[in-house]
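The listed protein sequences correspond, in order, to chains A and B. When we follow the working numbering, the leftmost residue of the first sequence carries the number 1, and every step to the right adds one. When we follow the working numbering, the leftmost residue of the second sequence carries the number 1001, and every step to the right adds one. All residues carry an ideal CB built from backbone N, CA and C; glycine is no exception.
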Amino acid sequence: AQSVTQPDIHITVSEGASLELRCNYSYGATPYLFWYVQSPGQGLQLLLKYFSGDTLVQGIKGFEAEFKRSQSSFNLRKPSVHWSDAAEYFCAVGLTDSWGKLQFGAGTQVVVTP
Amino acid sequence: NAGVMQNPRHLVRRRGQEARLRCSPMKGHSHVYWYRQLPEEGLKFMVYLQKENIIDESGMPKERFSAEFPKEGPSILRIQQVVRGDSAAYFCASSTSGSLSGGRVQFFGPGTRLTVL
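This is how it looks when you write it as structure tokens:
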């Protein structure tokens, strides 16, 4: 069955430390890949996307993600987190023949401590 | 250019009432998607509409839920005879196309948080 897995439900990280959020997918072909961030009570904001080409993708707010086909993964990273990065992060995939609809992982809640 | 707008932002209904959620896509966008986020879960696709057409409603519950996107005006997600299990955040997204090819993305609204008492 097709699926998107974010193994970490909750991550706590110190301000200034590095952050990595994991995302694995299970599909027959390489899908389009996205990371969204959701602040409390807010909608979703696109951080970055992967469609093809360079497997290391740069996004907004200093985030980057690396697509690894062999591992079916699209992990999100940030070298040094800021208190404002506390939010929920969602990995999403879109299939090429799916009318553009997205399938989301369950999300990872990131808490930033001083 | 205003983003995707949804109203109301918060909606409280008693069991058995009707809930109407509105979504105005970004200017120039004629493709609308509705997603539901249950507590502690990710977003789940419900329905994809173009102007005056439902293209894919594979994620919609079979009963009580309906959606429309008329030629004029916002897209409406309607839930009849709400039950407590309908309590969730409902997000609308819009796009210039029903395809993701070419790097197209969906832009999300702030959501409507429905509480059923």
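| query | For Phe90 (chain A), which residues in chain B fall below 8 Å Cβ to Cβ? | reply | Residue mapping note: residue 90 (chain A) aligns to position 90 of the first sequence, counting from 1. Neighbours of Phe90 (chain A) on chain B, chain order: Gly1042 and Leu1043.
| request: Can you give me the start and stop residues for the beta strand (DSSP E) that Ile1076 (chain B) sits inside? | output: On the second sequence, position 76 is the one that residue 1076 (chain B) refers to. DSSP places Ile1076 (chain B) inside the beta strand (DSSP E), whose first and last residues are Ser1075 to Ile1079.
| Nearest to Gly107 (chain A) by alpha carbon, out of A:Pro7, A:Phe63 and A:Ser3? | Stepping through the first sequence from its first residue, residue 107 (chain A) is reached at position 107. Measuring from the Cα of Gly107 (chain A), the nearest candidate turns out to be A:Pro7.
| task | Select from B:Arg1036, B:His1010 and B:Asn1053 the residue whose C-alpha is nearest the C-alpha of Pro1061 (chain B). | result | As a working note, residue 1061 (chain B) is residue 61 in the second sequence. Cα-wise, what sits closest to Pro1061 (chain B) is B:Arg1036.
| said: If contact is defined by three or more beta carbon pairs under 8 Å, each pair taking one atom from either stretch, is the region 71-80 of chain A in contact with the region 10-24 of chain A? | reply: Below 8 Å, enough C-beta pairs join the region 10-24 of chain A and the region 71-80 of chain A to call them touching: three or more.
| request: With a threshold of 16 other CB atoms inside 10 Å of the CB of Leu1117 (chain B), please say whether the residue is buried or exposed. | output: Position 117 of the second sequence, counting from 1, holds the residue named residue 1117 (chain B). Classification of Leu1117 (chain B): exposed, given that the 10 Å Cβ count is below 16.
| request: Apply the 10 Å Cβ neighbour rule to Gly1085 (chain B) and answer buried if 16 or more other Cβ atoms are within range, or exposed otherwise. | output: Residue 1085 (chain B) sits at position 85 when you count from the first residue of the second sequence. With fewer than 16 Cβ atoms within 10 Å of its Cβ, Gly1085 (chain B) is classed as exposed.
| query | In angstroms, rounded to a whole number, what distance separates the CA positions of Arg1014 (chain B) and Thr55 (chain A)? | reply | Within the second sequence, the letter at position 14 stands for residue 1014 (chain B). Within the first sequence, the letter at position 55 stands for residue 55 (chain A). In this structure, the alpha-carbon of Arg1014 (chain B) lies about 49 Å from that of Thr55 (chain A).
| said: Whether or not the region 1028-1046 of chain B and the region 1089-1096 of chain B are in contact is what I'm after, with contact meaning three or more pairs of Cβ atoms, one per stretch, closer than 8 Å; do they touch? | reply: Segments in contact, yes.
| Is the shortest distance between the beta-carbon of Ser1087 (chain B) and the beta-carbons of chain A less than 7 Å? | In the second sequence, counting from the first residue as 1, residue 1087 (chain B) sits at position 87. Not an interface residue.
| task | Just mark Ile9 (chain A) as buried or exposed, buried being the case when its beta carbon has 16 or more other beta carbons within 10 Å. | result | Sequence index remark: in the first sequence, residue 9 (chain A) carries index 9 (1-based). So Ile9 (chain A) ends up on the exposed side.
| query | So, is Gly1073 (chain B) buried or exposed, given that buried needs 16 or more other C-beta atoms within 10 angstroms? | reply | The residue given as residue 1073 (chain B) occupies position 73 in the second sequence. So Gly1073 (chain B) ends up on the exposed side.
| query | Which residues of chain A have a Cβ atom closer than 9 Å to the Cβ of Ser1097 (chain B), listed in chain order? | reply | Taking the first residue of the second sequence as position 1, residue 1097 (chain B) is located at position 97. Residues of chain A passing the Cβ test: Gly100.
| Hey, quick one: how far does the beta strand (DSSP E) through Asp8 (chain A) stretch, first residue to last? | Numbered from 1 along the first sequence, position 8 holds the residue referred to as residue 8 (chain A). Unbroken run through Asp8 (chain A): none, as it is neither H nor E.
| message | Strictly under 7 Å for the Cβ-Cβ distance: is Pro1008 (chain B) near chain A by that measure? | response | For the purposes of this step, residue 1008 (chain B) is taken as residue 8 along the second sequence, with counting starting at 1. Closer than 7 Å to the CB of Pro1008 (chain B) there is not a single CB belonging to chain A.
| Val111 (chain A), enclosing beta strand (DSSP E) - first and last residue | As a first step, residue 111 (chain A) must be located in the first sequence, where it is residue number 111. Unbroken beta strand (DSSP E) run through Val111 (chain A): Thr108 to Thr113.
| request: Have a look at B:Pro1008, B:Val1004 and B:Gln1017 and flag the residue whose alpha-carbon is nearest the alpha-carbon of Gln1080 (chain B). | output: For the purposes of this step, residue 1080 (chain B) is taken as residue 80 along the second sequence, with counting starting at 1. Of B:Pro1008, B:Val1004 and B:Gln1017, the residue nearest in Cα terms is B:Gln1017.
| What residues match up with Arg77 (chain A) in a beta bridge as DSSP calls it? | Position 77 of the first sequence, counted from the start, is the residue given in the question as residue 77 (chain A). Arg77 (chain A) is bridged by DSSP to A:Glu20 and A:Glu64.
| task | Using a cut-off of 8 Å between C-beta atoms, extract the partners of Pro1061 (chain B) located in chain A. | result | Locating residue 1061 (chain B) in the second sequence gives position 61, counting from the first residue. Correct list: empty, because the minimum Cβ distance to chain A is about 16 Å.
| Got a sec: which bits of the region 9-41 of chain A sit with their beta carbon under 7 Å from any beta carbon on chain B, in order along the chain? | Against chain B - using a Cβ distance shorter than 7 Å - the residues of the region 9-41 of chain A are Tyr32.
| task | Out of B:Ser1099, B:Glu1040 and B:Ser1075, state which residue places its alpha-carbon closest to the alpha-carbon of Arg1022 (chain B). | result | As a working mapping, residue 1022 (chain B) is identified with position 22 in the second sequence. That would be B:Ser1075, whose Cα lies nearest to the Cα of Arg1022 (chain B).
| query | Checking contacts by CB at 7 Å: is Gly1028 (chain B) closer than that to chain A? | reply | Start at 1 with the first residue of the second sequence, and residue 1028 (chain B) comes out as number 28. With 7 Å as the cut-off, Gly1028 (chain B) does not count as an interface residue toward chain A.
| request: Grab the span of the beta strand (DSSP E) containing Tyr1035 (chain B) for me, first residue to last. | output: Here residue 1035 (chain B) is taken as the residue at index 35 of the second sequence, counted from 1. That run of the beta strand (DSSP E) goes His1031 to Gln1037.
| said: Quick check on this structure: which residue in B:Gly1028, B:Lys1027 and B:Pro1039 has the alpha carbon closest to the alpha carbon of Arg1113 (chain B)? | reply: Along the second sequence, one-based indexing puts residue 1113 (chain B) at 113. From the listed residues B:Gly1028, B:Lys1027 and B:Pro1039, the smallest Cα separation to Arg1113 (chain B) is found for B:Pro1039.
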